[in-house]
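The listed protein sequences correspond, in order, to chains U, E and R.
Each residue of the first sequence is one higher than the one before, counting from 1 in the working numbering.
Each residue of the second sequence is one higher than the one before, counting from 329 in the working numbering.
Each residue of the third sequence is one higher than the one before, counting from 877 in the working numbering.
Built from N, CA and C at the ideal position, the CB exists for glycine as well.
Given the structure is predicted, the values throughout are model-derived calculations rather than measurements.
Each remark here refers to the structure printed beneath this line.
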Amino acid sequence: MTAIDSKPEETPGLDESHGSDTPFQAHHFDTPIQQYESVKLGMWLFLGTEILFFGALFALYTILRANDPELFSYASQYLNTILGGINTAVLILSSLSMAAAVHFAQRGRKTLMLISLWLTLFGAAGFLGIKYFEYEHKIHVNLNWGPSFYYPVDAAEAAAVGEDGQVSTVQDENARAAADESALLSAERSTSLPDVPEPRLAPMPPTDAVSMAQSAIGPGGLSAVKPEEKIKAERAAAGEVTYSDKPHLEDQDLPVNTHRFFAIYYAMTGLHGIHVVVGMVMIGWLILRGTKGHFDNRYYAPVDLGGLYWHVVDLVWIFLFPLFYLIH
Amino acid sequence: MDNYLTWTKGVASWVFTLDHKRIGVMYLLGVLVSFLVGGIFALIIRTELIAPGQTIIEPETYNIMFTLHGAVMVFLVIIPSIPGSLGNFVLPIMLGAKDVAFPRLNLFSFHLWIIGAVFTVLALLFGGFDTGWTFYTPYSTKTELGGVVPVIFGVFILGFSSIFTGLNFIVTVHKMRPKGMTWFRMPLFLWALYATALIQILATPVLAITLMLVGLERVFQIGIFDPAMGGDPVLFQHFFWFYSHPAVYIMILPAMGIISELISVHSHRHIFGYTFIAYSSVAIAVFSFLVWGHHMFTSGQSALMNTIFSAITFSVAVPSAIKVFNWLATLYKGSIALNTAMLYALGFIFLFTIGGLTGIYLGTLNVDVHLHDTYFVVAHFHYVMMGSALIAFIGGLHHWWPKMFGRMFDETLGRIAFVLVFVGFNVTFFTQFMLGSHGMPRRYYDYQPEFASYHLISTIGSYVMAAGFFLTAAYLLHSLFFGRKAPANPWGGRSLEWQCTSPPPHDNFKVTPSVGDCYDFRAVHWSEEEQGYVVIRDEESANLPPAH
Amino acid sequence: MASRAHAQHRTDDTHPIVGHLVPMSTLVWTTLALLVLTILTVAVRYIDVGEFNIVIAIGIAVLKATLVALFFMHLWWDRPFNQIVFVACISFVVLLIALTVIDTKQNAPTLYTGNPARVQEVLDAKAPEAPITKQTGLSSPG
Chain U
1 MTAIDSKPEE TPGLDESHGS DTPFQAHHFD TPIQQYESVK LGMWLFLGTE
51 ILFFGALFAL YTILRANDPE LFSYASQYLN TILGGINTAV LILSSLSMAA
101 AVHFAQRGRK TLMLISLWLT LFGAAGFLGI KYFEYEHKIH VNLNWGPSFY
151 YPVDAAEAAA VGEDGQVSTV QDENARAAAD ESALLSAERS TSLPDVPEPR
201 LAPMPPTDAV SMAQSAIGPG GLSAVKPEEK IKAERAAAGE VTYSDKPHLE
251 DQDLPVNTHR FFAIYYAMTG LHGIHVVVGM VMIGWLILRG TKGHFDNRYY
301 APVDLGGLYW HVVDLVWIFL FPLFYLIH
Chain E
329 MDNYLTWTKG VASWVFTLDH KRIGVMYLLG VLVSFLVGGI FALIIRTELI
379 APGQTIIEPE TYNIMFTLHG AVMVFLVIIP SIPGSLGNFV LPIMLGAKDV
429 AFPRLNLFSF HLWIIGAVFT VLALLFGGFD TGWTFYTPYS TKTELGGVVP
479 VIFGVFILGF SSIFTGLNFI VTVHKMRPKG MTWFRMPLFL WALYATALIQ
529 ILATPVLAIT LMLVGLERVF QIGIFDPAMG GDPVLFQHFF WFYSHPAVYI
579 MILPAMGIIS ELISVHSHRH IFGYTFIAYS SVAIAVFSFL VWGHHMFTSG
629 QSALMNTIFS AITFSVAVPS AIKVFNWLAT LYKGSIALNT AMLYALGFIF
679 LFTIGGLTGI YLGTLNVDVH LHDTYFVVAH FHYVMMGSAL IAFIGGLHHW
729 WPKMFGRMFD ETLGRIAFVL VFVGFNVTFF TQFMLGSHGM PRRYYDYQPE
779 FASYHLISTI GSYVMAAGFF LTAAYLLHSL FFGRKAPANP WGGRSLEWQC
829 TSPPPHDNFK VTPSVGDCYD FRAVHWSEEE QGYVVIRDEE SANLPPAH
Chain R
877 MASRAHAQHR TDDTHPIVGH LVPMSTLVWT TLALLVLTIL TVAVRYIDVG
927 EFNIVIAIGI AVLKATLVAL FFMHLWWDRP FNQIVFVACI SFVVLLIALT
977 VIDTKQNAPT LYTGNPARVQ EVLDAKAPEA PITKQTGLSS PG
């Protein structure tokens, strides 16, 4: 790549009109200022996409919370506010050291810049370390996303369910929602009582099991639908674990679908965590280049852009912290 | 003759090139191959539907076929077609720049496109997917076919390819314009690409995250979209269309930009209403974010939002109509040359008008309840996506083909192929308007005998259209090796790309070009010696009265 | 052409050629403000002000984000278009949130299919006479 890349710079008559101030000026830019402003605008546009990337998740969060506020105020108590607060402070301080790194890079202070970058890297590692303990604890007590929030149906219980070998969580409730309303209501109230013997759900009628696929394809007869027996046999062969609808949390006040809170919690903090990891790789790269002496007060754009990225990571966390940890 | 094609040799010099022209050509190759693949899927679908009952494939295969046709055509062909290939090739030259702002990012974006395409193909090996290109939940989280996760990952990557292309174009237009190239001297194609890039940047991330959530839902059952786990499938549709409606404008806006160029150049007439066309591009880009709910009128969306989205949908007609009227006004009293490219441009106006007006039908709430998920919708979006976006792409390809490869193609064959494509297209899809209004649902494998004659006509039309495209492929390939050498300016264009040689040199311009009004054709004269047009700059032409 | 922020200081060792140098004192003061706001937002969590808890929490978060964007990210001194990009992207997020929330709130009763007791509660509380009470967990087209 570099061999092809470097050829234009050797082409006579192409680059002579302007003397490059730094060895890192690309051939198609006329001046270092044009290059700096271009990369800066490019970075801001990229950060814009990052904002929209997280923005969709924030939208998801808002909708879930607007429709199930009590779910959020209930489940939020399982998050550790102190650890979250410490992590917020760690990220803010690492943002300061990142801003300081840019400051020193602009002034051409190589050693101070490198120290600041190292501090930022330690901050990022500290953040992830604390995050690891949080995740580790939650997964240990089964505060999970999806079906694993609930107890698995062991072999005996699965047999008791009958011939229905499907992943059976709360999905049957939907089938029943279409059924008799009053029967539904009483059945539903019973599900919130922890001492009701497992499993409470009736086996799903065969027609319902395939209705989803059918409705998406069309009315019966127009397209062949995979037989119910075949689906069951495949699931069993794949050795899938099936789950009951009994949560690990022994709490009578547990709202329905509490697993959704943890789903969105893991999705948002997880995606943020991935960005922290990417940020660490980037800071590491900056340290490497800084050590080689690539940056000075004429050319420091990578540090600047890295700083912008790192601040966006901080910015997202600034919203995640109150939205998850500080629900009254 | 040293040009960008012969500048360096070897496969690596192409695969790892940083030259926007070579990247554009590679995109073109990729897009055309994908178009062939998607087209073959389409022919299989049409052949299956030629008569009621099973004709050539199983129902399950049929579901996979129409899904692949949609996914390949949308994500691999139409979205990258104009920005990726023609845009990459033409944008910096039109602007008078040496390259796009970030050549490495440009190459990276192409490599991402390749990876995304590979994952889409891999999905077939994992058993295919039959969700439709829209991946609607809960079906996409439940279907037994194993190709869903690979294709979601592929589309996720393709999304980033699209984002990086858009980012590159915005920065290039902002920061790489040479002296004299002001915003309102830019060719309208650049305005269109700029507006497209805005959408790519703002909308695509939402699709990426939504597909990621569908993947998580499928693998971990996180309960966001799946109602069985307490999720909300309508929410998926909101998120999906927040991207995918603007994505429709990612397809059509650059097409409109191409048409502005083609109409003006081939009728040798100053574009009418330059600022209106320029601003309407940006207006469409903004409106495109406010109408996504019109895909969801019958999905359980609330009555309030249905009304709001329907009302805003109508308002999109305004900037679209501004463009159409301005093109017609440009043609008025022009000296129209019915070159192949111009025929495609005129075809575009016809087809886009039909496609756009039927969009108004579908944007009307009560009408949509009747027409939703019928062949009427299929015909409508084929008129817009294929009849408009792809026809403009093919037209633009003919327009810039001599510039890209330095060879002239056979105009007579080009016109014959256009007639085949145009007639075939209308026979195929106009019939489907009738099918839909009579109640034929889309995506069905089988149908009642009363629809049989329509389906038969539609299938015959698709064969005619396919013949047109194969003829096009034949004479374009032929021209690469046996075509007449192209002059620098075969059509009489005035924008900067016609001032450099065909094909352009590696660094685009030997001397920095002078920027003028790129729609002022008075100084453009035919030269027998060059067998092309030349711009004669003299004292008189500098003092001519305004062009219109 | 360059904005006020981009006055050039050539070859002065303590200043960059391009961009704007933010003094360390500004950065430190910003950090202190952010930390104080963090403590404040945690403190407010334990005070019950009803609906305003979320408003205050979001308000403080917005304030903190603004500080980060303006001073850490140099947006205060940056070119206008970069500021527009930032604000425009946030507006589009707000647009997405606003329209989807309006829609799901309109449809709220039908969302509680997993929780019929709650459906009944919402229906009884909000629209006891409305025809929508005839629906049980199944959505209707509007």
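task: Would you check if the region 50-58 of chain U and the region 965-981 of chain R touch, i.e. whether three or more CB-CB distances between them fall below 8 Å?
output: yes
message: If you reduce the DSSP assignment to three classes, tell me which class Tyr-922/R lands in.
response: Taking the third sequence and counting its residues from 1, the one referred to as residue 922/R is at position 46. If DSSP states are grouped into helix, strand and coil, Tyr-922/R belongs with coil.
task: Kindly indicate which three-state DSSP category His-623/E falls into: helix, strand or coil?
output: Indexing the second sequence from 1 puts residue 623/E at position 295. Looking at His-623/E - three-state DSSP - the assignment turns out to be helix.
- prompt: Helix or strand or just coil, what does DSSP make of Trp-145/U?
  reply: Taking the first sequence and counting its residues from 1, one reaches residue 145/U at position 145. In the structure shown, Trp-145/U sits in coil (DSSP, three-state: anything other than H, G, I, E or B).
- prompt: Using a Cβ-Cβ cut-off of 6 Å (strictly less than) and excluding sequence neighbours within five positions of Thr-120/U, which residues of its own chain qualify?
  reply: Locating residue 120/U in the first sequence gives position 120, counting from the first residue. Ser-94, Ser-97, Met-98, Ile-283, listed in sequence order.
- prompt: So what does DSSP say about Arg-735/E, is it helix, strand or coil?
  reply: Position 407 of the second sequence, counted from the first residue, corresponds to residue 735/E. Strand, per DSSP.
field: Backbone CA spacing between Tyr-355/E and Asn-694/E [nearest angstrom]
entry: On the second sequence, position 27 is the one that residue 355/E refers to. On the second sequence, position 366 is the one that residue 694/E refers to. The straight-line gap from Cα to Cα measures roughly 42 Å.
query: Does any C-beta atom of chain U lie closer than 8 Å to the C-beta of Pro-878/E?
result: Because chain E here runs from 329 to 876, residue 878/E falls outside it and cannot be looked at.
field: Assigned secondary structure, Ser-901/R (DSSP; H/G/I helix, E/B strand, else coil)
entry: Stepping through the third sequence from its first residue, residue 901/R is reached at position 25. Helix at Ser-901/R.
message: Tell me the DSSP secondary structure of Ser-341/E in three-state form.
response: As a working mapping, residue 341/E is identified with position 13 in the second sequence. Correct three-state label for Ser-341/E: helix.
task: Could you tell me whether any Cβ in chain E is nearer than 8 Å to the Cβ of Thr-1026/R?
output: Absent from the structure is residue 1026/R, since the part of chain R shown begins at 877 and ends at 1018.
task: Check the C-beta distance from Leu-41/U over to His-348/E and give it rounded, since I have them as a contact under 8 Å.
output: Your numbering for residue 41/U matches position 41 in the first sequence. Your numbering for residue 348/E matches position 20 in the second sequence. No, Leu-41/U and His-348/E are not in contact; Cβ-Cβ is about 18 Å, not under 8 Å.
query: Mind checking if His-623/E is an interface residue toward chain C, Cβ cutoff 8 Å exclusive?
result: Going by chain labels, chain C is absent from the structure shown, which instead holds the protein chains U, E and R.
- request: Report the option in Met-624/E, His-594/E, Thr-626/E, Ser-643/E whose CA atom is closest to the CA atom of Ala-611/E.
  value: In the second sequence, counting from the first residue as 1, residue 611/E sits at position 283. Of Met-624/E, His-594/E, Thr-626/E, Ser-643/E, the residue nearest in Cα terms is Ser-643/E.
- request: Kindly say whether Asp-172/U, judged by its beta-carbon, lies nearer than 8 Å to any beta-carbon of chain R.
  value: Locating residue 172/U in the first sequence gives position 172, where the first residue counts as 1. Its pLDDT being 47, under 50, Asp-172/U is placed unreliably by the model, and the measurement read from it follows with that caveat. Not an interface residue.
message: Could you check whether the Cβ of Ile-552/E sits closer than 8 Å to any Cβ belonging to chain U?
response: In the second sequence, counting from the first residue as 1, residue 552/E sits at position 224. It does; some Cβ of chain U falls within 8 Å.
Alpha-carbon spacing of Tyr-467/E relative to Met-557/E, whole angstroms: Stepping through the second sequence from its first residue, residue 467/E is reached at position 139. Stepping through the second sequence from its first residue, residue 557/E is reached at position 229. Each residue's Cα considered, the two are about 14 Å apart.
message: Using the three-state DSSP reduction, which class does Ile-421/E fall into: helix, strand or coil?
response: To locate residue 421/E, count along the second sequence from 1; it is residue 93. Three-state DSSP puts Ile-421/E in a helix.
query: Near Gln-565/E, what residues of its chain come up, given a Cβ to Cβ distance below 6 Å and the 5 sequence neighbours on each side ignored?
result: In the second sequence, residue 565/E corresponds to position 237, counting from 1. Excluding sequence neighbours, Gln-565/E sits near Met-624, Ser-627.
query: Would you call the region 532-549 of chain E and the region 559-574 of chain E in contact, with 3 or more CB pairs under 8 Å?
result: yes
field: Burial state of Pro-899/R, where buried means 16 or more other Cβ atoms lie within 10 Å
entry: As a working note, residue 899/R is residue 23 in the third sequence. Counting Cβ neighbours within 10 Å, Pro-899/R comes out exposed, since fewer than 16 surround it.
- request: Please report how far the alpha carbon of Ala-267/U lies from the alpha carbon of Tyr-325/U, in whole angstroms.
  value: Taking the first sequence and counting its residues from 1, the one referred to as residue 267/U is at position 267. Taking the first sequence and counting its residues from 1, the one referred to as residue 325/U is at position 325. Cα-Cα distance, rounded: 15 Å.
- prompt: Quick one: what's got a C-beta closer than 7 Å to Phe-749/E's C-beta in the same chain, skipping five residues either side?
  reply: Here the question's residue 749/E lines up with position 421 in the second sequence. The sequence given here places Val at residue 749/E; Phe does not occur at that position. Only Met-793, Gly-796, Phe-797 meet the Cβ criterion.
query: Given a threshold of 16 other Cβ atoms within 10 Å of its Cβ, counted over all protein chains shown, does Tyr-602/E qualify as buried or as exposed?
result: Position 274 of the second sequence holds residue 602/E. With 16 or more Cβ atoms within 10 Å of its Cβ, Tyr-602/E is classed as buried.
query: Skipping 5 residues on each side, what residues in its chain have a beta carbon closer than 8 Å to that of Phe-29/U?
result: Residue numbering aside, residue 29/U sits at position 29 when the first sequence is read from its first letter. Closer than 8 Å at Cβ, skipping near neighbours: Gln-35, Ser-38.
- prompt: Under 7 Å Cβ-Cβ, which residues of chain U neighbour Val-977/R?
  reply: As a position in the third sequence, residue 977/R is number 101, starting the count at 1. Chain U residues near Val-977/R: Thr-62, Ile-63, Ala-66.
task: Quick one: using the 10 Å Cβ neighbour count with 16 as the cut-off for buried, is Met-212/U buried or exposed?
output: Taking the first sequence and counting its residues from 1, the one referred to as residue 212/U is at position 212. Note that Met-212/U has pLDDT 40, beneath the 50 cutoff, so the model's placement of it is unreliable and the number below is only indicative. With 16 or more Cβ atoms within 10 Å of its Cβ, Met-212/U is classed as buried.
field: Beta-bridge pairing of Lys-940/R - partner residues as DSSP gives them
entry: Your numbering for residue 940/R matches position 64 in the third sequence. According to DSSP, which records beta bridges pairwise, Lys-940/R is partnered with nothing at all.
query: By Cβ distance below 7 Å, which residues in the same chain neighbour Leu-473/E in space, the five residues on each side in sequence not counted?
result: Numbered from its first residue, the second sequence carries residue 473/E at position 145. The residues are Gly-455, Gly-456, Phe-457, Asp-458.
task: Report buried or exposed for Asp-253/U, applying the criterion of at least 16 other Cβ atoms within 10 angstroms of its Cβ.
output: Here the question's residue 253/U lines up with position 253 in the first sequence. With fewer than 16 Cβ atoms within 10 Å of its Cβ, Asp-253/U is classed as exposed.
field: Chain-order list of residues whose beta-carbon lies under 6 Å from that of Ala-105/U (same chain, five-residue window excluded)
entry: Within the first sequence, the letter at position 105 stands for residue 105/U. Met-113, Phe-295, Tyr-300, Val-303, listed in sequence order.
- prompt: In terms of residue numbering, what span does the beta strand (DSSP E) encompassing Trp-854/E cover?
  reply: Start at 1 with the first residue of the second sequence, and residue 854/E comes out as number 526. Segment 852-855, the beta strand (DSSP E) holding Trp-854/E.
- prompt: Can the beta-carbon of Ala-780/E be found closer than 8 Å to that of Pro-380/E?
  reply: For the purposes of this step, residue 780/E is taken as the residue at position 452 of the second sequence. For the purposes of this step, residue 380/E is taken as the residue at position 52 of the second sequence. For Ala-780/E and Pro-380/E, yes; Cβs fall inside 8 Å.
task: Could you work out which residues of chain R lie near Leu-632/E, taking near to mean beta carbons separated by less than 8 Å?
output: Sequence index remark: in the second sequence, residue 632/E carries index 304 (1-based). Those within 8 Å of Leu-632/E in chain R are Ile-978, Asp-979, Gln-982.
query: Shortest alpha-carbon distance to Val-843/E belongs to which of Lys-507/E, Gln-382/E, Gly-487/E?
result: Here the question's residue 843/E lines up with position 515 in the second sequence. When each option's Cα is compared against that of Val-843/E, the closest is Lys-507/E.
- request: Check whether the Cβ atoms of Thr-906/R and Phe-948/R sit closer than 8 Å, and answer yes or no.
  value: The count along the third sequence starts at 1 and reaches residue 906/R at position 30. The count along the third sequence starts at 1 and reaches residue 948/R at position 72. Yes; because the gap between Cβ atoms is below 8 Å, this pair is in contact.
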